[in-house]
Amino acid sequence: MLTVDPTHPNPDCIAHAADVLRAGGLVAFPTETVYGLGAHALDADAVQRIFIAKGRPSNNPLIVHVADVAEARLVTGEWPDTAERLTERFWPGPLTLVLPRRVNVPDAVTGGGSTVAVRVPVHPVARALLQAAQMPIAAPSANRSTHLSPTRAEHVLAGLRGRIELILEGGPCPGGLESTVVDLTTSPPRLLRPGLVTPAQIEEVVGPLLRSRPVTDETAPLPSPGMTARHYAPRAVLECVADDGSDRVAELRRQGVRVGWLALSSAAGQDVVVMPRTPTDYAARLYAALHELDAAGVERIVAALPPDDEEWLAVRDRLRRASTR
Ligand code: TXA
Ligand code: MG
12 MLTVDPTHPN PDCIAHAADV LRAGGLVAFP TETVYGLGAH ALDADAVQRI FIAKGRPSNN
72 PLIVHVADVA EARLVTGEWP DTAERLTERF WPGPLTLVLP RRVNVPDAVT GGGSTVAVRV
132 PVHPVARALL QAAQMPIAAP SANRSTHLSP TRAEHVLAGL RGRIELILEG GPCPGGLEST
192 VVDLTTSPPR LLRPGLVTPA QIEEVVGPLL RSRPVTDETA PLPSPGMTAR HYAPRAVLEC
252 VADDGSDRVA ELRRQGVRVG WLALSSAAGQ DVVVMPRTPT DYAARLYAAL HELDAAGVER
312 IVAALPPDDE EWLAVRDRLR RASTR
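For the sequence shown, my numbering begins at 12 and goes up steadily by one.
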């Protein structure tokens, strides 16, 4: 693990990380969303090692991180007007675009499909690494498959210690939830994963989006191969409740269950986390709070669901996934 300043990362550390990538190694690094586990995206063997380290099913494709639009165009087969407009507005940043792939992208990256997911991250450490490495970097979140995404280097270490070459430790990730994924191969474009860029922001640029599924339907299949319902899950069983959660917490405690509580209103006591009241602050805190409750050893987590508004879409999506068994 190498600690770097999150805004002005030491060039020697970045150069070392770039060398590791060039040699086919795996490097975890902070982005504005969550920590990523990077490999040289055009080196099929290096990419294969990501799947082994994570225990990830090989049909789940990876996001290719690139330095800029020019590099994105080297791995994509088409660059529609929608891509031009969305990247102008949201790159660098937490928006991932699914586009037709180019043949140079290994099947391991695309899951063997005809498309590739690309994004330009804004985090200074990720940008410095992309610039130094001079290659596209395939990077899923740096966690074991189906586990919680890491928002701190210590989460990466806990999950992947001994399985990867290097962690660039650059402090907590400011965003806290994975990027928004939009498929531009359909017309209109389709929202595959809600994230920090909201549907309303995207629709301002490209018009109405197809929603992958109604937000309220808990059982419909997800369209993206990696979007198995159970995902982003803590070890403890998580339950979402529509009210403040106090009754359910009290009931479980009476049964002798050690309960963690993600509360939205003031509450006190052991294993209680009072969550921020705005979507962005809540998002930044969510995974760290779940990691903390897991580390404390709770058996259950009760989460008070935030309002059913689109600004809360990404947070509600992750809570729902974390509660699916
Ligand atoms: O914020 C993020 O996106 C983080 C950071 C590290 O950039 N990365 C991340 O990667 O969350 P991962 O692998 O955990 O999630 C990528 C998602 C998966 O749900 C995957 O199925 C989907 O993107 N995806 C990747 N390539 C795709 C493709 N060609 N078509 C459809 N979905 C794709
Ligand atoms: Mg992930």
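Even glycine gets a Cβ: it sits at the ideal position worked out from N, Cα and C.
All figures in this text were calculated on a predicted structure; none of them were measured in a lab.
Exposure of residue i, with buried meaning 16 or more beta-carbon neighbours within 10 Å
i: Gly123; result: exposed
i: Glu229; result: At Glu229, the pLDDT of 40 sits below 50, so the modelled position is not reliable; the number obtained from the coordinates is stated separately. Classification for Glu229: exposed.
i: Ser160; result: buried
i: Arg113; result: exposed
i: Ala231; result: Legend: pLDDT at Ala231 = 42, less than 50; position of this residue unreliable, value from coordinates given subsequently. Exposed is the call here.
i: Met12; result: exposed
i: Gly173; result: exposed
i: Pro225; result: Reliability fails at Pro225, whose pLDDT of 46 lies under 50, so the model's placement of it is uncertain and the value that follows must be treated cautiously. With fewer than 16 Cβ atoms within 10 Å of its Cβ, Pro225 is classed as exposed.
i: Thr93; result: buried
i: Glu99; result: exposed
i: Ser334; result: buried
i: Ile63; result: exposed
i: Ser198; result: exposed
i: Glu180; result: buried
i: Asp16; result: exposed
i: Pro22; result: exposed
i: Asn70; result: exposed
i: Thr18; result: exposed
i: Arg329; result: buried
i: Ala261; result: exposed
Between the CA atoms of residue j and residue i - distance to the nearest angstrom
i: Gly182; j: Val31; result: 21 Å
i: Asp305; j: Glu95; result: 42 Å
i: Pro20; j: Val136; result: 6 Å
i: Gly186; j: Thr196; result: 27 Å
i: Thr227; j: His27; result: Here the model assigns Thr227 a pLDDT of 44, short of 50, so the residue's position is not dependable and the matter cannot be decided.
i: Ala295; j: Gly88; result: 34 Å
i: Ala128; j: Gly267; result: 46 Å
i: Glu321; j: Gln212; result: 11 Å
i: Val285; j: Trp323; result: 17 Å
i: Ser277; j: Leu249; result: 20 Å
i: Ala143; j: Pro111; result: 27 Å
i: Asp258; j: Arg264; result: 10 Å
i: Ile148; j: Gly35; result: 11 Å
i: Ile312; j: Trp90; result: 44 Å
i: Leu188; j: Arg246; result: 18 Å
i: Cys184; j: Pro132; result: 12 Å
i: Glu214; j: Pro205; result: 13 Å
i: Asn115; j: Pro151; result: 19 Å
i: Arg331; j: Ala325; result: 10 Å
i: His166; j: Gly47; result: 12 Å
i: Leu73; j: Val309; result: 32 Å
i: Ala164; j: Arg84; result: 31 Å
heavy atom of the ligand MG below 7 Å from residue i C-beta
i: Glu189; result: yes
i: Ser152; result: yes
i: His198; result: In the sequence on display, residue 198 carries Ser and not His. Outside the cutoff, so no.
Distance cut-off 7 Å: residue i Cβ against heavy atoms of the ligand TXA
i: Asp118; result: no
i: Val7; result: The question about residue 7 has no answer here: the residues shown for the chain are numbered 12 through 336.
i: Gly256; result: no
i: Asp282; result: no
i: Val109; result: yes
i: Ile175; result: no
i: Thr289; result: no
i: Ala39; result: no
i: Ile63; result: no
i: Asp79; result: no
i: Pro20; result: no
i: His158; result: no
i: Arg60; result: no
i: Ile213; result: no
i: His76; result: yes
i: Pro105; result: yes
i: Arg172; result: no
i: Pro135; result: no
Interface flag, residue i vs chain B, CB-CB below 8 Å
i: Leu297; result: Among the protein chains of the structure shown there is no chain B, as only one such chain exists.
Residue i: CB within 7 Å of a non-hydrogen atom of the ligand PLP
i: Ser69; result: You won't find the ligand PLP in this model; what it holds is the ligand TXA and the ligand MG.
Take every Cβ of the segment 205-221, pair it with every Cβ of the segment 65-80, and state whether three or more of those distances are shorter than 8 Å.
no
Please confirm if the segment 137-153 is in contact with the segment 34-45, defined as three or more CB-CB distances below 8 Å between the two stretches.
Taking a cut-off of 8 Å for Cβ pairs, the segment 137-153 and the segment 34-45 touch, as three or more such pairs fall below it.
Is there contact between the segment 192-210 and the segment 154-170, where contact requires at least three CB pairs shorter than 8 Å?
no
Using a Cβ distance threshold of 8 Å, determine whether the segment 275-291 contacts the segment 301-320, with at least three qualifying pairs required.
yes
Under 8 Å: do the segment 53-68 and the segment 115-122 share three or more Cβ pairs, one atom per stretch?
yes
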